[in-house]
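Q: Structure below; questions to follow.
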Amino acid sequence: MVAPIRVHLVFVHGLFSSAKVWSAFRQLISTDPELTSWVDVHCFEYDSKVVQFNLAKRIGELDDIADQLGSYLETKLADAEAIVLVTHSQGGLVVQRFLSRRLAVGKGRELTRIKHFLMFSCPNTGSGFFLTVRKFLAVWRHPQERQLRPFDRYVLEAQRAVLTGVVHARRHSEQECPIPVRAYGATSDNIVPPYVARGVFPEGSVIDGDHFSVVQPADLDAAAYLVVRQALQSVGRPRSEPRPLPAAVTAPPSGNGHSVAPPFAKLEGNLKGEQHNRLVAQVTSAADPQKVHVLAGLGGTGKSRLALEIADRAHRAGRRVWWVSVSQLSSRMRAVASQLGASEAQLDRAWHGPGSATDLLWDLLDRAPQPWLLVLDNADDPQQLGPVDGPVSDGTGWLREPESEHGLVVVTSRVRSQETWGTWSRVHRVCPLDDEEGASMLLERTDGVGGTNEQARRLSAVLGGLPLALLTAAATVKAVSGKAGRKMSLDDGEVRDFDSYRKAVKRRFESAPGSTRAGMDLDELLGREIVEEVYGIALRQLIRHDLPQAAPLLKVFACLNIAPIPYRCLVDGAVLARSPLFPGFSPAQRTAVLRGLEDFALVDADEREDVTDPALSHVLTLHPVVHGVLREDGDVQQRRTEYYGLAVSMLLHAADGKDPDHPSSWPLWTAIAPHARAVARACLLGPVGLKDRSVVSGAIELTRLTARFLITRGLLVPANDLVVPVVEACTRFGFHEDDREILALRHEKGRIALEREDHAAAEQEFARVVAARRRVLGESDPDTLASRHKHARAVCEQGRWEAAEPLLRSIVQAENHVRGAEHSDTLVVRHTLARTMLALGRATEAEQEARSILEISRRHNWPPTTSETLFVRSTLARSLLEQDRYEDAEEEIRGALRDDDRPRDSERMMHLRDTLATVLLGQGRAPEAVQEFRDLLADLRRVKPGSPMTRRVEQNLDEILRQMPGQS
161 MVAPIRVHLV FVHGLFSSAK VWSAFRQLIS TDPELTSWVD VHCFEYDSKV VQFNLAKRIG
221 ELDDIADQLG SYLETKLADA EAIVLVTHSQ GGLVVQRFLS RRLAVGKGRE LTRIKHFLMF
281 SCPNTGSGFF LTVRKFLAVW RHPQERQLRP FDRYVLEAQR AVLTGVVHAR RHSEQECPIP
341 VRAYGATSDN IVPPYVARGV FPEGSVIDGD HFSVVQPADL DAAAYLVVRQ ALQSVGRPRS
401 EPRPLPAAVT APPSGNGHSV APPFAKLEGN LKGEQHNRLV AQVTSAADPQ KVHVLAGLGG
461 TGKSRLALEI ADRAHRAGRR VWWVSVSQLS SRMRAVASQL GASEAQLDRA WHGPGSATDL
521 LWDLLDRAPQ PWLLVLDNAD DPQQLGPVDG PVSDGTGWLR EPESEHGLVV VTSRVRSQET
581 WGTWSRVHRV CPLDDEEGAS MLLERTDGVG GTNEQARRLS AVLGGLPLAL LTAAATVKAV
641 SGKAGRKMSL DDGEVRDFDS YRKAVKRRFE SAPGSTRAGM DLDELLGREI VEEVYGIALR
701 QLIRHDLPQA APLLKVFACL NIAPIPYRCL VDGAVLARSP LFPGFSPAQR TAVLRGLEDF
761 ALVDADERED VTDPALSHVL TLHPVVHGVL REDGDVQQRR TEYYGLAVSM LLHAADGKDP
821 DHPSSWPLWT AIAPHARAVA RACLLGPVGL KDRSVVSGAI ELTRLTARFL ITRGLLVPAN
881 DLVVPVVEAC TRFGFHEDDR EILALRHEKG RIALEREDHA AAEQEFARVV AARRRVLGES
941 DPDTLASRHK HARAVCEQGR WEAAEPLLRS IVQAENHVRG AEHSDTLVVR HTLARTMLAL
1001 GRATEAEQEA RSILEISRRH NWPPTTSETL FVRSTLARSL LEQDRYEDAE EEIRGALRDD
1061 DRPRDSERMM HLRDTLATVL LGQGRAPEAV QEFRDLLADL RRVKPGSPMT RRVEQNLDEI
1121 LRQMPGQS
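Numbering-wise (the numbering used here), the sequence shown opens with residue 161 and increments by one.
Here you go:
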């Protein structure tokens, strides 16, 4: 095995600090067997005294220190091939200034040996802490401190240079050098709050600690240490091995795997069209006070391409940019909120609890200190962006006018009505290209093989100047260009060049739809007909290239959601070969067809950098217009059973063996859930019912699995929107509400009510499901037992513990017989029974039951960090507390806190912290308990204001303080 390359780690300290701040890191690295043999540690030090008493000396400014760092790297590390820079506080500004000054003098290529740059608690938008200090030290003048003040001009200039020339760089040159940059904030940092530390940098996270402890990791499992180790390992990987992109160290559920980075890889060639370029310049002009712009026009006129051009120019100007596809609006907006610094608990409360997701997002956006741009792409149904109870023009939904002077929003849509978007939005009509502009696009995209400028101009006129049609035509002509020199043909439909393509289009229409200057009279219907014919020509050419399967496969893709399609896991040759649409289909044909679709620009292929699994990272998309046209295709409508039946089979095959409740399966389910929802709804709730019962049954099973995933991830609204309409409409597709397939969905309906804390409704639903499952499946069937347990839980959650206990004991007895005494499902029921014992005042019995569950879980090597295991430990600690065994309770709860890898403000973690504070109080350690309660209450008020737990902790703290003289 090839050894890792040697990596030089350089630490840079902050204001009024020294190399001593890195002692914990240095000690851990020296004892880390995974790093010590190939990582060399260095500390760059500079003078940062509070006051300089020697009149012959001055305190260096940031530019001086930045140049000093450059000299250090050039001399001390002259032979280093790979350097990783890790900074604390002001040290991050030093490195940013160093990078920007090198780029400014054309020395970008000299930076290539810097492989990673990590910042901890860097005041990227300034620290307000020193504003307070200056009130008391009015005569204090410190050159380094001055540039820590909020929005220092030189700091912002350096950041813009780093964003443009490093973070968003695309190549190595004199003015650019792509380097991974990550900014980390600390949860309890009051000097540099997390949102300041994250600043304008798109990559990074918030980790545990305060301003100082964040760079003093206690052990090898500390979050800050893992961040640094991961960066080192990504750099030191042997050259002979592929180097994957480093993943985030902190848990990623906030984004649910959904990227909100603009798809800059799709920017090819210069933007065409005088009107398009004027529009981009207007939107990006600093002199324009307008904050919300709607790019409206026909499908295929290039609205998304214009938005991407705007996004590119915005990020090069230093704006933070998010790209949100409206087809996945909720999950993508959650990812934006996460990147803006929202904690998991805040996100869960806003998206799945009593909070407001739209309010949380816009509060974060309006408070963001750096300039930003939010792109909402393909909002063809504007109401998706509006509030639940009003039109989008109210400005209280997902789309609002930014209050911040730094904010900018761009929307793309086919809806051009100013009334729809409100007076606070500016609607720009996006027109097709004129004939000359379209000809230029055709010639550039075909490298001139399609014909003359005049022939290209005529084809552009026939295609109405629609960029989507022009791009597809260019791809088709280029793909067949190997035969371009042949002039004689007996086939009038064969495409060889611009002229033959134009004739093929004209045969569809009595007269060319082409136009005058910019096609201003082109209507939506005619535009769709042009796109339909352009795609038809491309598919006919693929048939001539011995790829007749291209057309049905493209139509199957159109049956899925508009979201990116993970084709590697969905397009399975064996599954396709079983469909009457693809007789005799083979893996070799699959590869050829997919490549043909890409070559003819019928799909847009991409590789997602935020996904590590190659089966999921390779995706393709269809243009929204094409997606709509093909869904309405006559062949699809006549053969709905075959097309949608195949889509169901593809999804079920991809999900086979992927338990939606298990975290290891979540990346797969995140990728396919939008498609599963779309296909299930089309099969079961579509305007035309499907007759094939096996297809319908498959769609019901797909609904159940998808609902389980959504519930597990806390996405209760989409889960409810999927399950309830299917249950209510079951008779439409030939099922009864008491059929076992529908009972499975009703079970999930009850779970949704239980998770929503609508315990009475959950109890009623589960009581009916249990009765039906007993009749249909039997008393001891595993599915019946699952519903019986959920029913008992609903009874427990309403405080009726006496009624719940006999129900739970009978379920445990049945589970012991059916699944076994040590099956995980049996243990879950036993834990609910232990909680019931504790609530009924039988703490000793509850302790014994909890210890038995934990002993079995340890014997089977179940991870100690799982939610259920930590829940059992919390119950054990509570049972010890009820027996006044405070030391044992403290040991248990502190162990659970150590094992819980979730943020401190997560739901389970806050319950554990509440138990710890109660334990400390019981031991007479009132000051410690008060501090724990205060810290907990601060988090509760931030993420769960007004909740029952928040009110209870407030009351407990007030009562404690009243009994402690001198406390407040």
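The beta carbon of each residue, even a glycine, is placed where N, CA and C say it ideally should be. In this text, all values refer to a predicted model and were calculated from it rather than measured experimentally.
In this structure, does DSSP put residue 243 in helix, strand or coil?
A: Walking along the sequence shown from the start, residue 243 turns up at place 83. In this structure, residue 243 counts as strand in the three-state DSSP scheme.
Q: Leaving out five residues before and five after residue 155 in sequence, what residues of the same chain have Cβ atoms less than 7 Å from its Cβ?
A: There is simply no residue 155 to check, as the chain begins at 161 and stops at 1128 in what is shown.
Q: Among 1010, 867, 490, whose alpha-carbon lies nearest the alpha-carbon of residue 988?
A: Here residue 988 refers to the residue found at position 828 of the sequence shown. Here the closest residue by C-alpha is 1010.
Q: Between the Cα of residue 690 and the Cα atoms of 318, 225, 554, 789, which residue gives the shortest distance?
A: By one-based count along the sequence shown, residue 690 stands at place 530. Answer by Cα proximity: 789.
Q: Please name the residue in 1118, 1065, 1081, 716 whose C-alpha comes closest to that of residue 501.
A: The count along the sequence shown starts at 1 and reaches residue 501 at position 341. Nearest option by C-alpha distance: 1065.
Q: I'd like to know whether the C-beta atoms of residue 539 and residue 395 end up nearer to each other than 8 Å.
A: In the sequence shown, residue 539 corresponds to position 379, counting from 1. In the sequence shown, residue 395 corresponds to position 235, counting from 1. Cβ atoms of residue 539 and residue 395: not closer than 8 Å.
Q: Since residue 489 contacts residue 466 with CB under 8 Å, what's their CB separation in whole angstroms?
A: Here residue 489 refers to the residue found at position 329 of the sequence shown. Here residue 466 refers to the residue found at position 306 of the sequence shown. Going by Cβ atoms, the distance from residue 489 to residue 466 rounds to 20 Å, so no, they are not a contact pair.
Q: What residue does the alpha helix (DSSP H) around residue 621 start on, and which one ends it?
A: As a working note, residue 621 is residue 461 in the sequence shown. First-last of the alpha helix (DSSP H) with residue 621: 613-622.
Q: Let me know the secondary structure DSSP gives residue 771 once reduced to three states.
A: Your numbering for residue 771 matches position 611 in the sequence shown. Coil at residue 771, not helix or strand.
Q: Helix, strand or coil: which one does DSSP assign to residue 572?
A: Within the sequence shown, numbered from 1, the residue matching residue 572 stands at position 412. Strand.
Q: From this set, 898, 927, 917, 835, which residue's C-alpha is nearest residue 882's C-alpha?
A: Looking up residue 882 in the sequence shown gives position 722. Nearest C-alpha to residue 882: 835.
Q: What do you get for residue 463, buried or exposed, if any count of 16 or more other CB atoms within 10 angstroms of its CB means buried?
A: Here residue 463 refers to the residue found at position 303 when the sequence shown is read from its first residue. Looking at its Cβ environment, which holds 16 or more other Cβ atoms inside 10 Å, residue 463 is buried.
Q: When you compare the CB positions of residue 779 and residue 727, do they come within less than 8 Å of one another, or not?
A: Within the sequence shown, the letter at position 619 stands for residue 779. Within the sequence shown, the letter at position 567 stands for residue 727. In this structure, residue 727 lies closer than 8 Å to residue 779 by Cβ.
Q: Which residue from 436, 953, 711 puts its Cα closest to that of residue 795?
A: Within the sequence shown, the letter at position 635 stands for residue 795. Measuring from the Cα of residue 795, the nearest candidate turns out to be 711.
Q: Secondary structure at residue 1065, three-state DSSP: helix, strand or coil?
A: In the sequence shown, the residue the question calls residue 1065 occupies position 905. DSSP places residue 1065 in coil when its eight states are reduced to three.
Q: Starting from residue 345, trace the alpha helix (DSSP H) in both directions and tell me its first and last residue.
A: Within the sequence shown, numbered from 1, the residue matching residue 345 stands at position 185. Where residue 345 is concerned, there is no enclosing alpha helix (DSSP H), although the beta strand (DSSP E) it sits in stretches over 341-346.
Q: Which residues does DSSP list as the beta-bridge partners of residue 278?
A: Sequence index remark: in the sequence shown, residue 278 carries index 118 (1-based). Beta-bridge pairing links residue 278 to 246, 342.
Q: Going by DSSP in three states, residue 189 sits in which element: helix, strand or coil?
A: Within the sequence shown, numbered from 1, the residue matching residue 189 stands at position 29. Helix, per DSSP.
Q: Can the beta-carbon of residue 844 be found less than 8 Å from the beta-carbon of residue 739?
A: Translated into the one-based positions of the sequence shown, residue 844 becomes position 684. Translated into the one-based positions of the sequence shown, residue 739 becomes position 579. Contact flag unset, no.
Q: Which of the three DSSP states is assigned to residue 781 in this structure?
A: Position 621 of the sequence shown, counted from the first residue, corresponds to residue 781. Strand, per DSSP.
Q: State buried or exposed for residue 416, treating a residue as buried only when at least 16 other CB atoms are found within 10 Å of its CB.
A: Walking along the sequence shown from the start, residue 416 turns up at place 256. Low local confidence applies: a pLDDT of 46 at residue 416 is under 50, so the model's placement there is unreliable, with the coordinate-based value given in what follows. It counts as buried.
Q: Roughly how many angstroms separate the alpha carbons of residue 511 and residue 1095, rounded to a whole number?
A: In the sequence shown, counting from the first residue as 1, residue 511 sits at position 351. In the sequence shown, counting from the first residue as 1, residue 1095 sits at position 935. Computed Cα separation, rounded: 24 Å.
Q: Please report the distance separating the alpha-carbon of residue 974 from that of residue 1113.
A: Numbered from its first residue, the sequence shown carries residue 974 at position 814. Numbered from its first residue, the sequence shown carries residue 1113 at position 953. Approximately 39 Å, taken between the alpha carbons.
Q: Only counting the same chain, and skipping five residues up and downstream in sequence, which positions put a Cβ closer than 8 Å to that of residue 938?
A: Reading the sequence shown from its first residue, position 778 is the one you call residue 938. Excluding sequence neighbours, residue 938 sits near 944.
Q: With the cut-off set at 8 Å, would you say residue 782 and residue 717 are in Cβ contact?
A: Residue mapping note: residue 782 aligns to position 622 of the sequence shown, counting from 1. Residue mapping note: residue 717 aligns to position 557 of the sequence shown, counting from 1. Taking 8 Å as the Cβ cut-off, residue 782 and residue 717 qualify as a contacting pair.
Q: Between the beta-carbon of residue 340 and the beta-carbon of residue 276, is there less than 8 Å?
A: To locate residue 340, count along the sequence shown from 1; it is residue 180. To locate residue 276, count along the sequence shown from 1; it is residue 116. Yes.
Q: Classify residue 212 as helix, strand or coil using the three-state DSSP reduction.
A: If you number the sequence shown from 1, residue 212 lands on position 52. Confidence is the limiting factor: at residue 212 the pLDDT is only 40, short of 50, which leaves the residue's position unreliable and the question unanswerable from this model.
Q: Considering residue 519, what are the terminal residues of the alpha helix (DSSP H) in which it resides?
A: Position 359 of the sequence shown, counted from the start, is the residue given in the question as residue 519. 517-527 is the span of the alpha helix (DSSP H), which, as asked, contains residue 519.
Q: Opposite residue 860 in the DSSP bridges: which residues?
A: Working through the sequence shown from its first residue, we reach residue 860 at position 700. DSSP, once it has assigned bridges, lists no residue as partnering residue 860.
Q: Could you say if the stretch 543-556 and the stretch 468-476 meet the contact criterion of at least three C-beta pairs nearer than 8 Å?
A: Judged by Cβ distances under 8 Å, the stretch 543-556 makes no contact with the stretch 468-476, as fewer than three pairs qualify.
Q: Pull up the DSSP beta-bridge partners for residue 581, would you.
A: As a working mapping, residue 581 is identified with position 421 in the sequence shown. Its beta-bridge partners do not exist; DSSP assigns none.
Q: Would you decide whether residue 665 is buried or exposed? Buried here means 16 or more other CB atoms lie within 10 Å of its CB.
A: On the sequence shown, residue 665 is found 505 positions in, with the first residue counted as 1. Residue 665 comes out buried.
Q: Output the distance between the C-alpha atoms of residue 1189 and residue 437, rounded to the nearest integer angstrom.
A: Not covered by the structure: residue 1189. The range shown for the chain is 161 to 1128.
Q: Relative to the C-alpha of residue 872, which residue among 902, 207, 907, 915 is closest?
A: Sequence index remark: in the sequence shown, residue 872 carries index 712 (1-based). The option with the nearest alpha carbon to residue 872 is 915.
Q: Residue 1056 to residue 186, Cα distance in whole Å?
A: Within the sequence shown, numbered from 1, the residue matching residue 1056 stands at position 896. Within the sequence shown, numbered from 1, the residue matching residue 186 stands at position 26. The alpha-carbon atoms of residue 1056 and residue 186 are separated by roughly 28 Å.
Q: Where does residue 1082 sit, in a helix, a strand or coil, going by DSSP?
A: The sequence position of residue 1082 within the sequence shown is 922, counting from 1. It is helical.
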